[in-house]
């Protein structure tokens, strides 16, 4: 395999560009010096064929349906790991030993509380405020309570800042839910695990004891692990771009939360549930819906993926968990029945088979959250909670990379050529 690629330009000039090869034999043509050598830039709208960085965190092969965190298949982590352990893996690059995991867990427990003054912030939001708006605002507000963390060059504070953010986000998320339903905020309990503590803060009330269901904890651990990272997606790329300006972790993650809020990104699982509810209300059979999709009369959410051209490996795991959880909780959800009918009809239809439109992770995750009692407007918050360690890992990787430069994409200008100012009384 040559280590150089040749590019011939319209003027006949030929330039040689380095060819880079990743550990999984992915090949790239490195064009960083192209403009300096030739005056040309490349144009790739939405970056569908542009690698913005070299990363050792997550490997994704969309053609084969492969997803690995630090080389470990997602199937193994989903079956054997916990969200806290997976977070350590993503952020620090290896599975922790017993001491490392114990110390990391202790840090998360120690920093689960938020400053009492922050509780007053919640009072300023109307009950109709979207939890994602509250989450993004609260996360960036953390930088004012920990001003020492604004200096990203203070490496001694990196680990404590990471632990603070990873721990406090679940508290902020639970408090935003309590605010939306008018219930008192519930403080975390140190004897509970990460996911159990979140469920406790979400659902317990001062008037009576609350038992955290082990099956719910297991399902939540799984969902968060499956969402923990997904390579250079929109929100992760946003975190990296903002962080490339040496922006502090709290502000960089807040920007990622805002990107995730978009319905084309983190809002997809909410759209799936809303779609299923609209189909149920219309009383249309699944086969009729599939025909309308093929006729471009109906938009089907939860099928297909920008990257995966095969089965989304996360979807296969989450479907089994969905069946198990609803069976364990004794829930008969007609939306789940409808989802199964849609999946069965689609997978037998040549239109979907030819286009490789298979159910993705969003198709079943919303149903699980619904079964857990999490309201629809909190689905994207749950996505953010899961994606947080991936965002942190990418921010830290970029910060540790001495070759990192501030992100500054180029453009191809298509506006007017040189023009001149015309006084207002001379304008037509």
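Numbering (the numbering used here), first residue to last: 1 to 428.
All C-beta atoms, glycine included, are put in the ideal place defined by N, C-alpha and C.
Ranked by how close their Cα comes to the Cα of residue 369, the residues 336, 397, 357 have 336 in first place. If you draw a straight line from the Cα of residue 62 to the Cα of residue 231, it comes to about 11 Å. Taking a C-beta distance under 9 Å as the contact criterion, residue 380 and residue 229 do not qualify as a contact pair. Around the CB of residue 362, 16 or more other CB atoms lie within 10 Å, so the residue is classed as buried. The Cβ atoms of residue 74 and residue 279 do not sit closer than 9 Å to each other.
Short of 6 Å from the beta carbon of residue 178, and not among the five residues preceding or following it, lie these beta carbons of its own chain, in chain order: 185. For residue 16, no alpha helix (DSSP H) encloses it; the enclosing beta strand (DSSP E) starts and ends at 14-21. Residue burial is scored here from C-beta neighbours: residue 139 has at least 16 other C-beta atoms within 10 angstroms and is therefore classed as buried. Residue 258 is positioned such that its CB atom lies closer than 9 Å to that of residue 238. 141 is the residue among 141, 153, 182 whose C-alpha sits nearest the C-alpha of residue 164.
Shown here, residue 5 sits in a strand according to DSSP, grouped into three states. Two segments are said to touch when three or more pairs of C-beta atoms, one from each, lie closer than 8 Å; by this definition the segment 244-253 does not touch the segment 327-346.
Collapsing the DSSP output to three states places residue 200 in a helix. Residue 97 counts as exposed, since fewer than 16 other C-beta atoms from the protein chains shown sit within 10 angstroms of its C-beta.
Counting along the chain, no beta strand (DSSP E) covers residue 394; the unbroken alpha helix (DSSP H) around it starts and ends at 379-400. In this structure, residue 372 sits near residue 199, with a CB-CB distance shorter than 9 Å.
Annotation: residue 125 is outside any beta strand (DSSP E) and is labelled neither H nor E by DSSP.
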